[in-house]
Amino acid sequence: METRKYIILGNGIAGYSAAKEIRKTDKEGSILIISRESYLTYFRIQLTHLIAKDIDDKVFMSPEDWYEKNSIEVLLKENIKSFHPEERRVVLEDGREFQGEKILLATGASSFIPPIQGVDKKNIFAIRNLDDVKAFDEALKTAEKVTVIGGGLLGLEAAYSIHESGKPVQVVESFSHLLGRQLDTEEGHRLEDRLKEMGMTIYCSHNTQEFLGEDKVEGIRLDNGEEIKTDLVLLSTGIRPNIGLFKESALEVNRGLVVDESLRTSVDQVYAAGDVAEIHGVCLGLWTAGMETGKIAGHNMANPQDLKTYETPKNFTELSIGDIEIFSVGQNKDEGQILTEEEEDRRVRIFLEGDKIVGGILVGNTKAKGKLKKLVFNGANLTEVKEIFPNLS
Ligand SMILES: Cc1cc2nc3c(=O)[nH]c(=O)nc-3n(C[C@H](O)[C@H](O)[C@H](O)COP(=O)(O)OP(=O)(O)OC[C@H]3O[C@@H](n4cnc5c(N)ncnc54)[C@H](O)[C@@H]3O)c2cc1C
Numbered sequence: 071m072e073t074r075k076y077i078i079l080g081n082g083i084a085g086y087s088a089a090k091e092i093r094k095t096d097k098e099g100s101i102l103i104i105s106r107e108s109y110l111t112y113f114r115i116q117l118t119h120l121i122a123k124d125i126d127d128k129v130f131m132s133p134e135d136w137y138e139k140n141s142i143e144v145l146l147k148e149n150i151k152s153f154h155p156e157e158r159r160v161v162l163e164d165g166r167e168f169q170g171e172k173i174l175l176a177t178g179a180s181s182f183i184p185p186i187q188g189v190d191k192k193n194i195f196a197i198r199n200l201d202d203v204k205a206f207d208e209a210l211k212t213a214e215k216v217t218v219i220g221g222g223l224l225g226l227e228a229a230y231s232i233h234e235s236g237k238p239v240q241v242v243e244s245f246s247h248l249l250g251r252q253l254d255t256e257e258g259h260r261l262e263d264r265l266k267e268m269g270m271t272i273y274c275s276h277n278t279q280e281f282l283g284e285d286k287v288e289g290i291r292l293d294n295g296e297e298i299k300t301d302l303v304l305l306s307t308g309i310r311p312n313i314g315l316f317k318e319s320a321l322e323v324n325r326g327l328v329v330d331e332s333l334r335t336s337v338d339q340v341y342a343a344g345d346v347a348e349i350h351g352v353c354l355g356l357w358t359a360g361m362e363t364g365k366i367a368g369h370n371m372a373n374p375q376d377l378k379t380y381e382t383p384k385n386f387t388e389l390s391i392g393d394i395e396i397f398s399v400g401q402n403k404d405e406g407q408i409l410t411e412e413e414e415d416r417r418v419r420i421f422l423e424g425d426k427i428v429g430g431i432l433v434g435n436t437k438a439k440g441k442l443k444k445l446v447f448n449g450a451n452l453t454e455v456k457e458i459f460p461n462l463s
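Residues in the sequence shown are numbered from 71 upward in steps of one, following our numbering.
Structure (structure tokens):
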């Protein structure tokens, strides 16, 4: 069995950031990253924008020689078959075994495939990695009508890229309006209208009941019985942490791998970061969180005498497709008082609970996003909010 000082399972942003951070303080210790993907770490967040586009080297975080210069060894196209936390032992599909002094589990997440009848038919895709985009693009070439299931952020980004490629696209969303987590009903309907003006077809308040067709998808039956035609489907229905390897082990597993604020799992010298980790009962599923938790885990693995802790971030979101710019922060629900400021180049919506701001949305010019974020994160009162947005009513 081969040994290394640090072994990192997964080469997404969390694994990459950890390796980079380890090298900052431990210049000598051997680092091995193992991943089943065929590519060095890339910007996963760009995948929806890359649909129907050329993919070049700009997608990668660092060139190949960066790994050599930093003595970071990467094993690609290697599936990890099992992990034995108490021995810190990793077994690959081909039988090779590695033991590490310190281990980082950064196996990320996979697309959630909803158990809908017919979901295994041909031309139904989900996008999680570069190969998924390539396979989807190939199918897109001959598709006549594409459907995106899920009107969240990633679903809408993908729908826009498909629309840009010139193919008709429809979006099916089970919630009553698009971006259900980020927008209130009124703003969600406004967004729907703008996408319809672009030429997209939107079905909100509709569940997908069945994918129709013989071998290949030919249509969708919605929960009201309506059948819509489609020959290519993209599922954008959430993610699930990749915890399969750890379920039967000594590690504490809930929805994700349970870690403390220092990113330590329940087993000594075994850390977890990124989409697979669960902190304070939450699996974050965000790029910046993957980067930050990876960095902190890497630092802590190399510097156990100087442990850093991770603070769960407050959430905000941005949608930027065509000339649609939306920034959303905090709790933007229909209940409570909602104030609006309409200006030529932007609309501001402020959500209050009593006198206190709990959420806000900017549509159009989003330059004030930093100020709005600050107001929401600080729980500012209405007088303070009106100092920034004086024309609210
Ligand atoms: C299309 C898309 C758009 C996104 N857009 C945004 C956005 O706009 N903003 C945002 O904050 N977040 C976004 N995200 C989420 C963000 O990309 C993730 O939170 C982040 O990439 C997670 O990084 P990670 O390192 O934890 O895991 P991952 O990037 O999932 O990496 C885990 C790696 O481990 C490998 N692995 C897993 N199991 C095994 C095994 N058994 N053997 C070998 N290798 C294994 C996987 O193949 C993978 O390479 C987006 C995600 C997608 C898919």
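C-beta: ideal position from N, C-alpha, C; glycine also.
His154 carries a strand assignment under DSSP once its states are collapsed to helix, strand and coil.
Taking C-beta atoms under 8 Å as the contact rule, Leu389 and Leu265 fail to qualify, at a distance of about 11 Å. Boundaries of the alpha helix (DSSP H) harbouring Ile92: Ile83 to Thr95, taken from the DSSP string. Trp357 has its Cβ nearer than 7 Å to a heavy atom of ligand 1. Burial is judged here by how many other beta carbons sit within 10 angstroms of a residue's own beta carbon; Ser398 has at least 16 and is buried. The alpha carbon of Tyr273 has as its nearest neighbour, out of Gly326, Ala176, Val242 and Gly221, the alpha carbon of Val242.
Look at Phe113 here: in three-state DSSP terms it is coil, with no helix or strand label. Ala88 sits away from Gly400, with the two beta carbons spaced by 8 Å or more. Beyond the five residues adjoining it in sequence on each side, Thr300 comes within less than 8 Å, by CB distance, of Lys215, Val216, Thr217, Gln240, Val287, Glu288, Gly289 and Ile290 in the same chain, given in chain order.
Contact between the region 141 to 150 and the region 104 to 111 is present, with at least three C-beta pairs closer than 8 Å. For Asn199, the CB contacts under 7 Å within the same chain, skipping 5 residues up- and downstream, are Glu107 in chain order. Checking the 7 Å criterion, the Cβ of Val346 is within range of a heavy atom belonging to ligand 1.
Rounded to the nearest angstrom, the gap between the Cα atoms of Glu267 and Arg260 is 11 Å. DSSP places Tyr380 outside both helix and strand once states are collapsed to three, so it counts as coil. Burial is judged here by how many other beta carbons sit within 10 angstroms of a residue's own beta carbon; Asp345 has at least 16 and is buried. Exposure of Thr453 is indicated by the presence of fewer than 16 other C-beta atoms within 10 angstroms of its C-beta.
If you look at Val203, you'll find it isn't in any beta strand (DSSP E); it sits in the alpha helix (DSSP H) that goes Leu200 to Thr212. A Cβ-Cβ contact shorter than 8 Å links Ser306 with Leu224. Between the C-alpha atoms of His247 and Glu280 there is a straight-line separation of about 21 Å.
Taking a cut-off of 8 Å on C-beta distances, the region 414 to 421 touches the region 430 to 438, as three or more cross pairs fall below it. Not one heavy atom of ligand 1 sits closer than 7 Å to the Cβ of Glu167. Relative to ligand 1, even the nearest heavy atom lies 7 Å or more away from the CB of Arg310. By the Cβ criterion, the region 80 to 99 is in contact with the region 356 to 373, since at least three pairs of Cβ atoms, one from each stretch, lie closer than 8 Å. Set against 7 Å, the gap from the CB of Ala176 to the closest heavy atom of ligand 1 is smaller.
Collapsing the DSSP output to three states places Arg419 in a strand.
Counted as a single uninterrupted DSSP element, the stretch harbouring Glu457 is not any beta strand (DSSP E) but the alpha helix (DSSP H) occupying residues Leu452 to Ile458. Counting every other CB atom within 10 Å of its CB across the protein chains shown gives Lys172 a total of 16 or more, marking it as buried.
In this structure, the beta-carbon distance from Ala343 to Leu174 falls below 8 Å. Taking the CA atoms as reference points, Ile219 sits about 18 Å from Glu234. DSSP places Leu445 inside the alpha helix (DSSP H), whose first and last residues are Lys439 to Asn448.
Counted as a single uninterrupted DSSP element, the beta strand (DSSP E) harbouring Glu348 occupies residues Ala347 to Ile349.
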